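Residue numbers (this note's numbering): 157 to 232.
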């Protein structure tokens, strides 16, 4: 009877490790696809956006806006 309990525990541990590994790779693929579709904003994108809104962006203004955006997202 103890042999059966040992197998159950072993299978549970194997399933847990396999599930964690599979979940990691699925999450990694999802994040890579998400970042490919929605890239983080950079200076060139900000400059283009400002020009489309009719503003003439100076480098000082671009740097100021990038700094403000980075301060809002401290995790980056």
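Positions of the beta carbon are idealized from the N, C-alpha and C atoms, including for glycine.
These numbers were taken from a predicted model, which means no experiment stands behind them.
Query	Result
Proximity to residue 200 [Cα-Cα], best of 189, 168, 221	221
Per-residue DSSP class, three states only, for residue 192	helix
C-beta contact flag for residue 213 and residue 206 at 7 Å	yes
Euclidean distance between Cα positions of residue 170 and residue 177	11 Å
C-alpha distance - residue 187 paired with residue 179, whole-angstrom precision	12 Å
Residue 184 to residue 173 span [Cα, whole Å]	17 Å
Three-state secondary structure assigned by DSSP to residue 207	helix
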